[in-house]
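Below you'll find the structure, written out as structure tokens, and then a few comments.
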Amino acid sequence: MSEQIRGKHWGRQMDGLMSEIARQATICKVRLLDPGVIDAVIRNDESVCGTSNPLSFKKLRDAMLMGFVVKGKSVDALGPVETEGLVTAIRERVKSHLGDQLGGPA
Numbered sequence: 000m001s002e003q004i005r006g007k008h009w010g011r012q013m014d015g016l017m018s019e020i021a022r023q024a025t026i027c028k029v030r031l032l033d034p035g036v037i038d039a040v041i042r043n044d045e046s047v048c049g050t051s052n053p054l055s056f057k058k059l060r061d062a063m064l065m066g067f068v069v070k071g072k073s074v075d076a077l078g079p080v081e082t083e084g085l086v087t088a089i090r091e092r093v094k095s096h097l098g099d100q101l102g103g104p105a
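If you use numbering that gives the first Met the number 0, the sequence shown corresponds to residues 0 to 105, in order.
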């Protein structure tokens with residue numbers, strides 16, 4: 000498989016997961032980019048939600064955990080530098096689409 004095709008494959012995988020994470024975080028009103036929030040979600044701590052939606056929170060947590068798996072496999076296939084570039088580009092696209100709904104530095 001060529002480098003370009005592998006890059007597109009892993010880019011699509013991560014893009015789908017990051018879009019799902021952003022969608023579920025928006026539904027639950029979770030400010031993922033604020034300090035400590037990602038760790039709280041992974042610990043299954045729903046107190047970071049701005050609204051109660053247990054099903055959506057479960058989907059958010061599951062997508063986040065799957066994201067770690069996919070990122071690890073992408074690093075194995077593409078290397079850490081290219082993977083980080085893909086993640087950064089997708090993160091910026093999601094952030095520009097959602098504005099400050101996900102929190103983070105001003």
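Every residue gets a Cβ at the ideal spot worked out from N, C-alpha and C, and that includes glycine.
Do Ser73 and Phe64 have their beta-carbon atoms positioned less than 9 Å apart in this structure?
The amino acid occupying residue 64 in the given sequence is Leu; Phe does not appear at that position. No, the Cβ-Cβ distance between Leu64 and Ser73 is not below 9 Å.
Cβ neighbour criterion (16 or more within 10 Å) applied to Phe67:
In summary, Phe67 is exposed, with fewer than 16 beta-carbon neighbours lying within 10 Å of its beta-carbon over all protein chains present.
If you run the structure through DSSP and keep just helix, strand and coil, what is Ser51?
coil
What is the DSSP secondary structure of Asp33, reduced to helix, strand or coil?
coil
Roughly how far, in whole angstroms, is the beta-carbon of Ile89 from the beta-carbon of Asp14, given that I think they are within contact range, below 8 Å?
5 Å
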